[in-house]
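This report concerns only the one structure given below.
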Amino acid sequence: MPQVRVRFAPSPTGVLHLGGARTALFNYLFARHTGGQFLLRIEDTDKERSTEAFTQAILEDMAWMGMRSDEEPVVQSSRLSAHREALQQLIDSGKVYKCYCTPEEREAARQKAEAEKTSYQYDRRCLGKPEQPGVPFVWRFQMPTEGETVVDDLVQGRVVTPNSELEDLVIARQDGSPLYNFVVVIDDAFMGITHVVRGKDHLSNTPKQVQIYRALGYPEPVFAHLPLILGLSKRLRSAGLGAYRDAGYLPSAVSNYIARLGWSHGDQEIFTEEELIEKFDLADVNRAEGALNLDKMAWLNQQHIQMTPPEQLAALLVPFLQKAGFPEMSLDHPRLLPAVATMRARASTLVEMAENCRFYFVDDDALEIDEAAKGKHLTQEACAHLRALADALASTTEDWTEAGIETAVRQFIAAQNLQLKHIAQPCRVALVGAPKGPGLYETMAVLGPASSVARLRLACSHHNP
RNA sequence: GGCCCCGUCGUCUAGCGGUUAGGACACUGGCCUUUCACGCCAGCGACACGGGUUCGAGUCCCGUCGGGGUCACCA
Numbered sequence: 001m002p003q004v005r006v007r008f009a010p011s012p013t014g015v016l017h018l019g020g021a022r023t024a025l026f027n028y029l030f031a032r033h034t035g036g037q038f039l040l041r042i043e044d045t046d047k048e049r050s051t052e053a054f055t056q057a058i059l060e061d062m063a064w065m066g067m068r069s070d071e072e073p074v075v076q077s078s079r080l081s082a083h084r085e086a087l088q089q090l091i092d093s094g095k096v097y098k099c100y101c102t103p104e105e106r107e108a109a110r111q112k113a114e115a116e117k118t119s120y121q122y123d124r125r126c127l128g129k130p131e132q133p134g135v136p137f138v139w140r141f142q143m144p145t146e147g148e149t150v151v152d153d154l155v156q157g158r159v160v161t162p163n164s165e166l167e168d169l170v171i172a173r174q175d176g177s178p179l180y181n182f183v184v185v186i187d188d189a190f191m192g193i194t195h196v197v198r199g200k201d202h203l204s205n206t207p208k209q210v211q212i213y214r215a216l217g218y219p220e221p222v223f224a225h226l227p228l229i230l231g232l233s234k235r236l237r238s239a240g241l242g243a244y245r246d247a248g249y250l251p252s253a254v255s256n257y258i259a260r261l262g263w264s265h266g267d268q269e270i271f272t273e274e275e276l277i278e279k280f281d282l283a284d285v286n287r288a289e290g291a292l293n294l295d296k297m298a299w300l301n302q303q304h305i306q307m308t309p310p311e312q313l314a315a316l317l318v319p320f321l322q323k324a325g326f327p328e329m330s331l332d333h334p335r336l337l338p339a340v341a342t343m344r345a346r347a348s349t350l351v352e353m354a355e356n357c358r359f360y361f362v363d364d365d366a367l368e369i370d371e372a373a374k375g376k377h378l379t380q381e382a383c384a385h386l387r388a389l390a391d392a393l394a395s396t397t398e399d400w401t402e403a404g405i406e407t408a409v410r411q412f413i414a415a416q417n418l419q420l421k422h423i424a425q426p427c428r429v430a431l432v433g434a435p436k437g438p439g440l441y442e443t444m445a446v447l448g449p450a451s452s453v454a455r456l457r458l459a460c461s462h463h464n465p
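In this text, residue positions in the first sequence follow this note's numbering: the first is 1, and each later residue adds one.
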């Protein structure tokens, strides 16, 4: 089997959303899995809508996802002379003809067909017409009218289209510029694409393109049309990848999620990026379209957060902490790494984790305490215990480790004839400002003796001893 | 409307003629526990419908219904 060469061919008319990202990902995974090449082509020939800014944004999003092109991206607009050459080849071989119909004429015919509830197809009225010098024209490709075109699609199976359904399509505008269904064939052939893996919205274009491959004498690639993603329309769903990055999603989780949407490997839900490459196969791609489930994506993100080593997670979290009110935050902040370690199982996004970590980084006297929690847990009696605990801890700071703190606390409880449940929540509220959070001993270990003792005392200052 | 594709729990899916139709998210209950999570256990919940073929159909065929795509001098 010749080496696999696939491409992702976005048009820079918008950002990369989940659907496009999945098409790119399946191409990428297929290439990596087979040891082939993954290429990129920027389809920027729609000059009205294409922008350089979108091109850059798409490249950035793909880099974030870890997908890089194995060769310099091909820019479609730079290939105009090749397109013209191919057009000339078809003119020379008589496979195209000039069509002098005006857009208004076609529109009228189309509307008439619609009014009569019949289907419109160009009627070839210009085929064989004599030359009309000076009159503007477009080039139409002459499709076969007999027989059928068969596409053995790797995902969709055998798709048979009667050639009578194929319209003589326009392949070059009045100004001579070539159209999509024509250039895509030329460029894929030029790039040596062996497998065209794209969205199912291109399925009905495929037989037309196959005819153009044949007319040009190019080898036909294998096609694989991926099911579309349903309901990709509002808010986060329609957003570009950048929105997911900003919302605190890990690229590995996004890859995992969109890969599993339409593809599966038995019952496995969680895949590392390496596993995706190892296990991905176009044969396992579903034909039915699927809908986004943001809850499941959040769950997967949490799973990936838990799988990520704390060092790596800390680095990812820094920008989110900076945005969460700690502009000076850096990777060498002494509390960062241990804080992340305590929070790994407690956040489904980096935004949430940054928010939950705030209490670790605020000044002791700036810690805000939840009012409800204060009323419930920081009672006069509890505060008396906390003050005593603070005193006890202040004198036992030599072994300030999780184990050492636990020993000290348990000794205090025994000496005071208390139970842990009497002081645990008051203590947590004093340290964290809320009735939830990591284990008490690990929390104090991260805060250190000075902050821990200070917070216990500060939290009780509303009750005079 | 023509043509094409699709149809298993609410959602993502396993299944490839014989299964108590399995897993995951969400939801409910329980366990663990200093809280919240994590984790573990249990529950809820599906083969769109109708005909065939077959000893036997979620699996094969046809029809109906439903969903999607496409019918540009866009890509």
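Here a beta-carbon is modelled for each residue, glycine too, at the ideal position from N, C-alpha and C.
Verify whether the separation of the beta carbon atoms of residue 45 and residue 69 is less than 9 Å. Taking the first sequence and counting its residues from 1, one reaches residue 45 at position 45. Taking the first sequence and counting its residues from 1, one reaches residue 69 at position 69. Not in contact: residue 45 and residue 69 (Cβ atoms no closer than 9 Å).
Are the stretch 351-367 and the stretch 321-329 touching, with three or more C-beta to C-beta distances below 8 Å? In short, these stretches touch, since the Cβ pair count reaches three.
Test item: CB-CB of residue 30 and residue 4 under 9 Å: Translated into the one-based positions of the first sequence, residue 30 becomes position 30. Translated into the one-based positions of the first sequence, residue 4 becomes position 4. Yes, the pair counts as a contact, with Cβ atoms nearer than the cut-off.
Starting from the C-beta of residue 273, find all residues in its chain whose C-beta is less than 7 Å away, skip the five residues before and the five after it, and write them out in chain order. Counted from its first residue, the first sequence places residue 273 at position 273. Only 66, 252 and 255 meet the Cβ criterion.
Proximity of residue 470 and residue 223 at Cβ, strictly below 9 Å: Absent from the model: residue 470. The displayed extent of the chain is 1 to 465, so no value can be given.
Pairwise C-alpha distance: residue 74 and residue 435: As a working mapping, residue 435 is identified with position 435 in the first sequence. As a working mapping, residue 74 is identified with position 74 in the first sequence. Their backbone Cα atoms lie some 56 Å apart in a straight line.
Between the Cα of residue 168 and those of 155, 182, 176 and 175, spot the shortest distance and give me the residue it belongs to. Within the first sequence, the letter at position 168 stands for residue 168. Ranking 155, 182, 176 and 175 by Cα distance to residue 168 puts 182 first.
Whole beta strand (DSSP E) elements within the stretch 136-166, 3-residue minimum: Runs found: 138-141, 148-153 and 157-162.
Tell me the DSSP bridge mates of residue 240? Residue 240 sits at position 240 when you count from the first residue of the first sequence. Its beta-bridge partners are 17.
Is the stretch 143-160 close to the stretch 97-109, with three or more CB pairs under 8 Å? Result no; under three Cβ-Cβ pairs closer than 8 Å.
Residue range of the beta strand (DSSP E) that residue 40 falls in? In the first sequence, residue 40 corresponds to position 40, counting from 1. The continuous beta strand (DSSP E) containing residue 40 extends over residues 37-42.
Distance between residue 374 and residue 342 (C-alpha atoms, nearest Å): To locate residue 342, count along the first sequence from 1; it is residue 342. To locate residue 374, count along the first sequence from 1; it is residue 374. Answer to the nearest angstrom: the Cα atoms are 23 Å apart.
If you count every other CB in all the chains shown that lies within 10 Å of the CB of residue 417, and 16 or more means buried, which is it? Translated into positions along the first sequence, residue 417 becomes position 417. Classification of residue 417: exposed, given that the 10 Å Cβ count is below 16.
DSSP three-state label for residue 4, please. By 1-based counting over the first sequence, the position of residue 4 is 4. In the structure shown, residue 4 sits in coil (DSSP, three-state: anything other than H, G, I, E or B).
Shorter than 8 Å, the distance from the beta carbon of residue 93 to the closest heavy atom of the ligand SAM, or not? Annotation note on the ligand SAM: not contained in the displayed structure, which lists no ligands.
According to DSSP, what are the bridge partners of residue 285? By 1-based counting over the first sequence, the position of residue 285 is 285. DSSP output for residue 285 lists 263 as bridge partner(s).
Contact set for residue 36: own chain, Cβ-Cβ below 7 Å, skip 5 residues either direction: Indexing the first sequence from 1 puts residue 36 at position 36. The beta carbon of residue 36 sits closer than 7 Å to the beta carbons of 3, 4, 5 and 6 from its chain, once the five residues preceding and following it are set aside; these are given in chain order.
Residues in the same chain with beta-carbon distance under 7 Å from residue 158, minus the five sequence neighbours each way, listed in chain order, please. As a position in the first sequence, residue 158 is number 158, starting the count at 1. Taken in chain order, the residues that qualify are 150 and 152.
Within this structure, are the beta carbons of residue 155 and residue 225 separated by less than 9 Å? Here residue 155 is taken as the residue at index 155 of the first sequence, counted from 1. Here residue 225 is taken as the residue at index 225 of the first sequence, counted from 1. Taking 9 Å as the Cβ cut-off, residue 155 and residue 225 qualify as a contacting pair.
Going by CA-CA distance only, name the one from 175, 128 and 257 that's closest to residue 18. Residue 18 sits at position 18 when you count from the first residue of the first sequence. Nearest of 175, 128 and 257 to residue 18, Cα basis: 257.
Would residue 402 and residue 366 qualify as a contact pair, given that the criterion is a beta-carbon distance under 9 Å? Here residue 402 corresponds to residue number 402 of the first sequence, with the count starting at 1. Here residue 366 corresponds to residue number 366 of the first sequence, with the count starting at 1. In this structure, residue 366 does not lie closer than 9 Å to residue 402 by Cβ.
In angstroms, rounded to a whole number, what distance separates the CA positions of residue 405 and residue 459? Working through the first sequence from its first residue, we reach residue 405 at position 405. Working through the first sequence from its first residue, we reach residue 459 at position 459. Residue 405 and residue 459 have their C-alpha atoms roughly 19 Å apart.
Provide the residue span of the alpha helix (DSSP H) that contains residue 459, from first to last. The residue labelled residue 459 in the question sits at position 459 within the first sequence. It spans 440-459 - the alpha helix (DSSP H) in which residue 459 sits, taken as one unbroken run.
Spatial distance of residue 330 from residue 448 (CA atoms): The residue labelled residue 330 in the question sits at position 330 within the first sequence. The residue labelled residue 448 in the question sits at position 448 within the first sequence. Whole-angstrom Cα-Cα distance: 19 Å.
On the DSSP letters alone, give me the boundaries of the alpha helix (DSSP H) that residue 223 sits inside. Position 223 of the first sequence, counted from the first residue, corresponds to residue 223. From DSSP, residue 223 is part of no alpha helix (DSSP H) but of the beta strand (DSSP E) over 222-226.
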